[in-house]
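Engineer: Using the numbering used here, read the sequence shown as starting at 41 and increasing by one per residue.
Got a structure for you, questions after.
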Amino acid sequence: MLDLKIKIIQNKINTVYKYFKNLIEKNQLNFRVGYNKEKVLSELNNIKNLIYNSNPITIAFVGEFNAGKTTIINILTDNNFPVSAKPETSKSIKIEWNNYTIIDTPGLGAGNPNHDKETEQWLESADLLIYILTPDLFNSYAGKRFHDILKKYNRNQELMLVMNMIDQEDNEIHIYEEELQSVIDPIPLNDYYPTFISAKYMLESINADDTEDKEYYREESRFDSFLQTLNAFLLNKEQKSRLTTPLTKLYALSQTFELKSDFNKEVEFLNLKTQFFSETLNTLNTLFNDFEDNLKAEISATSGEIYLSLDNPPEKFKEFLENEFNSFNENLTKRRDDLIENINLLMQDFENENLTIEKSDLSKEVYDKINNSEQLKDIFENCSAQ
Ligand SMILES: Nc1nc2c(ncn2[C@@H]2O[C@H](COP(=O)(O)OP(=O)(O)OP(=O)(O)O)[C@@H](O)[C@H]2O)c(=O)[nH]1
Ligand SMILES: [Mg+2]
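Here you go:
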């Protein structure tokens, strides 16, 4: 059922794609430096493939040089790519991992423009980003660079923050959290799924012979919390990223050319629609987040009740347990039904709002213009927004 709704959104995005395709194929255009008609059409074709794509999504590990990107990827993927205290990775490396494609990029700020360029390409194009920082962030250029990147690439919704090398200082995690928050204000830090780890300790745990050492270093490395957060991040963002990536790319592509004739109204109309799609996606995402939070709350409430009852078991303990499980099931069913209902309401709003846009003065103006111009009819043929 959810799949079906996503299909509707995919079809709408496809309509926007068709708009663009006709616009580009049938018009006189001015291109930005480095672009021409063939290039734009071929990129557009790539975007079309993305709309319904089920290819593995790409996760780029980015951040300062020497922050431990390759070390972390090696641990995750059980590889042995070279790491070093000098700038080490110079070309991006692709690694297939659990249905994802991980990209190891060269670090930023090593003073090599080719490294920075290579990485910036992934900052733009990877589906999801994992930004690796170190506590060093706060006494170097790294903090400013991180801040600038957040601003320039506008990938807030697709970025996870990992602070590595916490073994280097003896701080409590909340100190790092507060410092990080001050760099990214006013965005709440938790939007970025922050985790704080030591890849070095994780390696020591892997290589330790002694079980006690293994456990000690594993705990100190905080790698388990990283894995847990990474899982949540991927689950939550994956579906959304599959939908927003083609939209973001269409938008970026629209910045590479301009029409020689006056299409301001059409552009305004398309922007209105794009914005409205992305708002719907955000709401959908919030619904899922809330559902997940509620689910966790139900689980912890029920297990809490049972846990407390163990100290002082009620007389009919079996019955008590049955009741607990029944009410847990009931609550769960209700939460699920609420979610489905909310999604249906959202989709209804989506249709209504779409209709309002279609019936607006702006829309009327655009369609009148199309109807009265043979050239425009040709362009928008077959792709009037349904
Ligand atoms: N103290 C400490 N050192 C680490 C940690 N993780 C990695 N290192 C070391 O930091 C150095 C850089 O690690 P890399 O994994 O090569 O870092 P990178 O981000 O891939 O570096 P580039 O490829 O140059 O961008 C190596 O000497 C690692 O052994 C950590 O958690 N703590
Ligand atoms: Mg590296």
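For each residue, glycine too, the CB sits at the ideal point set by N, CA and C.
Quick caveat: nothing in here was measured; it's all calculated off a predicted structure.
Given 7 angstroms as the limit, tell me if K158 has its C-beta closer than that to any heavy atom belonging to ligand 2.
Structural biologist: The sequence shown places Glu at residue 158, not Lys. For ligand 2, not one heavy atom lies less than 7 angstroms from the Cβ of E158.
Engineer: Cβ of P286 within 8 angstroms of Cβ of I143?
Structural biologist: Against a cut-off of 8 angstroms, the Cβ pair of I143 and P286 comes out as no contact.
Engineer: Can you list the alpha helix (DSSP H) stretches of 4 or more residues lying completely in the region 324-412, in chain order?
Structural biologist: Counting whole runs of 4 or more residues, the region 324-412 contains the alpha helix (DSSP H) stretches 357-399 and 401-412.
Engineer: Take every Cβ of the region 118-131, pair it with every Cβ of the region 71-83, and state whether three or more of those distances are shorter than 8 angstroms.
Structural biologist: In short, these stretches do not touch, since the Cβ pair count stays below three.
Engineer: Just to confirm my understanding: we take Y181, look at its own chain, exclude 5 residues before and 5 after, and list those with CB closer than 8 angstroms. What are they?
Structural biologist: The answer, listed in chain order, is G149.
Engineer: Flag this pair as touching only if the region 213-229 and the region 129-146 have three or more C-beta atom pairs under 8 angstroms; answer yes or no.
Structural biologist: Segments in contact, no.
Engineer: Taking only heavy atoms of ligand 1 into account, decide whether any of them is closer than 7 angstroms to the Cβ of A166.
Structural biologist: Not so, every heavy atom of ligand 1 lies at least 7 angstroms from the Cβ.
Engineer: Is the separation between the beta-carbon of L201 and that of P175 shorter than 8 angstroms?
Structural biologist: Contact flag unset, no.
Engineer: Out of curiosity, what's the CA-to-CA distance linking N196 and L168?
Structural biologist: Their Cα atoms are separated by approximately 10 angstroms.
Engineer: Where do the ends of the alpha helix (DSSP H) carrying A166 lie?
Structural biologist: Per DSSP, A166 belongs to no alpha helix (DSSP H) and is neither H nor E.
Engineer: At the level of alpha carbons, what is the spacing between T342 and R376?
Structural biologist: One C-alpha to the other measures close to 17 angstroms.
Engineer: With three or more C-beta pairs closer than 8 angstroms as the rule, is the region 105-120 touching the region 292-311?
Structural biologist: No: fewer than three Cβ pairs fall under 8 angstroms.
Engineer: Starting from the Cα of L299, find the closest Cα among N62, T269, E104 and I49 and give me that residue.
Structural biologist: Residue N62 is the option with its Cα nearest to L299.
Engineer: Between the C-alpha atoms of I383 and K280, what's the straight-line distance to the nearest angstrom?
Structural biologist: If you take the alpha carbons of I383 and K280, they lie about 15 angstroms apart.
Engineer: If you follow the beta strand (DSSP E) that M205 is part of, which residue opens it and which one closes it?
Structural biologist: Careful: M205 lies outside any beta strand (DSSP E) and carries neither H nor E.
Engineer: Less than 8 angstroms between the C-beta atoms of M205 and S238, yes or no?
Structural biologist: Going by C-beta atoms, M205 is nearer than 8 angstroms to S238.
Engineer: Is the Cβ-Cβ distance between A107 and T145 less than 8 angstroms?
Structural biologist: No, the pair does not count as a contact, with Cβ atoms beyond the cut-off.
Engineer: Helix, strand or coil: which one does DSSP assign to I133?
Structural biologist: Looking at I133 - three-state DSSP - the assignment turns out to be strand.
Engineer: What would DSSP say about V102, mapped onto helix, strand or coil?
Structural biologist: In this structure, V102 counts as strand in the three-state DSSP scheme.
Engineer: Buried or exposed: where does T373 fall if 16 or more other Cβ atoms within 10 Å of its Cβ makes it buried?
Structural biologist: It is exposed - the Cβ of T373 has fewer than 16 other Cβ atoms within 10 Å.
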